[in-house]
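Mind the numbering: the sequence shown is residues 554 to 682 in my numbering, read in order. We put the beta carbon where it would ideally sit given N, CA and C, even for glycine.
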Amino acid sequence: MNPNKVERSRVRQLTDLPNVGKACAADLLLLGIHEPEQLVGRSPFEMYESLCSITGLYQDPCVIDVFISITRFMAGEAPRPWWDYTEERKLAVAAGPTKAVTIKEYSHQDLEAGLSFRSGGPWRKRQPR
């Protein structure tokens, strides 16, 4: 949902959360998150790594930005667009493994080796045909 339209008192389902549409809600369900309250106390970086592991695909790192936005919202912060958290994510990733995340940067060689795009980045492994 667009962060400008979110009313905290009306958040009942995952798609009521800021920045969460059907695709993101499906990802959250894969993580075992069925209700917004289940996001309280969760690590967005660990959620990202779990999603990559469960799907067997490298997700676009911007997914972390969305996960930061919704965990912060559920912790009481105002709803904000996911891209407000991009710089924070980049700094956390640059800080290294203390943030419990490992995001691999990919090159054209990786694309030739069998990766395809998901959400603007070469993150999804191609399925064998």
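Mind checking which residues open and close the alpha helix (DSSP H) that includes residue 627?
615–627
Taking the alpha carbon of residue 607 as the reference point, which residue from 619, 559, 579 has its own alpha carbon closest?
579
Excluding the 5 residues flanking residue 572 on each side, which residues of the same chain have their C-beta closer than 6 Å to its C-beta?
619, 622, 635
Could you tell me whether the Cβ atoms of residue 554 and residue 589 are closer together than 8 Å?
no
Over the uninterrupted alpha helix (DSSP H) stretch that includes residue 630, give me the two end residues.
Residue 630 -> no alpha helix (DSSP H), and no H or E assigned at all.
Could you check where the alpha helix (DSSP H) with residue 646 kicks off and where it finishes?
639–648
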